[in-house]
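Residue numbers (numbering that gives the first Met the number 0): 0 to 205.
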Amino acid sequence: MGEVKNESSMPVGKSLSRAKAVILIMLFLGPLLGAFLWYYGLNAKLVPGQINNSPLIDPPVTLEEFSNPKHGDVPITLADLKRKWTIVHIVNQRCNQDCETFLYNTRQVRLAVGRHANRISRVIMTEDPELIEWMRQDHPDAALIMAAENGIEDQLDSVIKTPENGSGHALLIDPLGNVMMAIPNDLPPKLLLKDLKKLLKLSRIG
Numbered sequence: 000m001g002e003v004k005n006e007s008s009m010p011v012g013k014s015l016s017r018a019k020a021v022i023l024i025m026l027f028l029g030p031l032l033g034a035f036l037w038y039y040g041l042n043a044k045l046v047p048g049q050i051n052n053s054p055l056i057d058p059p060v061t062l063e064e065f066s067n068p069k070h071g072d073v074p075i076t077l078a079d080l081k082r083k084w085t086i087v088h089i090v091n092q093r094c095n096q097d098c099e100t101f102l103y104n105t106r107q108v109r110l111a112v113g114r115h116a117n118r119i120s121r122v123i124m125t126e127d128p129e130l131i132e133w134m135r136q137d138h139p140d141a142a143l144i145m146a147a148e149n150g151i152e153d154q155l156d157s158v159i160k161t162p163e164n165g166s167g168h169a170l171l172i173d174p175l176g177n178v179m180m181a182i183p184n185d186l187p188p189k190l191l192l193k194d195l196k197k198l199l200k201l202s203r204i205g
C-alpha cells in the first residue's frame, strides 16, 4: 500500500514562512484599510477640509497691491498683511450690539491663542468718527484704517457681497496675502478659536 501523507508532517519552516508572509501583508494593508474606513466610512466628519467651522473661500482670492491710510498713522499695505494671519472687519455703518460683540470676540479669541497670538493681527476699517476713539480704547491691538481709492475694500467687495458671506462677516487673510476664510459674525468664539489653532498648528508661515 502507498504511504498516506499526513498534513501535520509539513515542514515547520514552511509554516513559519507562510505566517511571516501573512503578518507582512497585514502590516502593509492594515493601516491603509484603517485609513480608508476612518476617512470615508466610520467618521467622515473628520476628513481634512471638512472640519472648519468658518467657510473657506474657494478659490482663495489673492490680493494685489493696495494702500489704506490709518487713522493718525502710516498707511497699511499688502506687505504689512503678508507678515501674519490677519482678521479684517469692515464696518461700513454704525456698529450695533452685534457688531460690538463680534469685534470683542475676535479680540478675545486672538488673546486666547496664547503664545501664538503675535502671529495674528486684526484690521478694522471704519469711516465713523464716533467709533474711532472707542475702537482705539477697546481694540488697541487692531489697525484702524480708512477707505481709499486703491484700498483693500475694492478687492474684498467681491467676497463680502456673495450670498454665503454676509456684509457683517470678517475675512481671514493668510500670510501670503490670500483671502481664504470668511468668519461669520455669529460664530461662537470657541469654534473660531478651534479654527485658528488648527491653522496655526498646520502652518509653517506667519
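Glycine residues also receive a C-beta, built at the ideal position from the N, C-alpha and C atoms.
From the DSSP output, which residues share a beta bridge with residue i?
| i | result |
| --- | --- |
| residue 197 | None; residue 197 has no bridge partner. |
| residue 133 | Answer by DSSP bridge pairing: none, since residue 133 is not bridged. |
| residue 147 | Looking at the DSSP assignment, residue 147 forms no beta bridge with any residue, so it has no partner. |
| residue 72 | 69 |
| residue 122 | 87, 142 |
Within 10 Å of its beta-carbon, does residue i have 16 or more other beta-carbons around it, so buried, or fewer, so exposed?
| i | result |
| --- | --- |
| residue 61 | exposed |
| residue 33 | Note that residue 33 scores a pLDDT of 48, beneath 50, so its modelled location is shaky and nothing firm can be said. |
| residue 104 | buried |
| residue 113 | exposed |
| residue 120 | buried |
| residue 93 | exposed |
| residue 42 | Annotation note: pLDDT 38 at residue 42 (below 50); position unreliable, coordinate value reported separately. With fewer than 16 other Cβ atoms within 10 Å, it is exposed. |
Could you tell me the boundaries of the alpha helix (DSSP H) in which residue i lies?
| i | result |
| --- | --- |
| residue 78 | 77-80 |
| residue 104 | 96-111 |
Check residue i in the structure and name its three-state DSSP category.
| i | result |
| --- | --- |
| residue 58 | strand |
| residue 202 | coil |
| residue 171 | strand |
| residue 17 | helix |
| residue 186 | coil |
| residue 53 | coil |
| residue 218 | The structure shown does not extend to residue 218, since the chain is modelled only from 0 to 205, so the question has no answer here. |
| residue 127 | coil |
Go to residue i, then tell me how far its beta strand (DSSP E) extends in each direction, as first and last residue.
| i | result |
| --- | --- |
| residue 116 | Counting along the chain, residue 116 falls outside any beta strand (DSSP E), and DSSP gives it neither H nor E. |
| residue 143 | 141-144 |
| residue 88 | 84-90 |
| residue 177 | 177-182 |
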